[in-house]
Amino acid sequence: MPTELMKALKTAYEAEKEGLRAYLKYAKQTKVGTGKNMFIQLALDEIDHMELIEKFTEKIMAGQPIEQINVPKGRLSKFMPSIKDLKFAEKSELADEDALKVALTHEEKAMNFYINEAS
């Protein structure tokens, strides 16, 4: 089993876990119901991604052939922006617009990471 591939999968799994934590934190800090629901959905998406990584890892460890995994569009983290760098890091509540910008940055970085790792 390729060591580099296993390292990449571990990195991907940890990134998804960090994304999950961040989205739950943002959901807690966001006062508007629709914003909370959006961050909860993004957190659930991260769980889906973690499950995909787990299944992929199990197949590799079992010596099964590697197959392409299709991740549904729009349900796509080293990728998470550093919380200390965010202008709202010290605030007790999170503005929905700022949280959305962070979420978009996270998803773009994650997508670029996976594209680069796959090539």
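Taken in order, the sequence shown gives residues 1 to 119; the numbers are from full-length UniProt numbering.
The C-beta atom is built at its ideal place from N, Cα and C for all residues, glycine as well.
Just so we're clear, the structure is a prediction, and the values are computed from it rather than from any experiment.
Three CB pairs or more closer than 8 Å across the segment 55-66 and the segment 21-41:
no
What does the alpha-carbon distance come out to for the pair R21 and E107?
14 Å
Please report the straight-line C-alpha distance between E46 and E97, rounded to a whole angstrom.
20 Å
Span of the alpha helix (DSSP H) around K31:
From DSSP, K31 is part of no alpha helix (DSSP H); its letter is neither H nor E.
Option in L44, G35, I60 with minimal Cα separation from L5
I60
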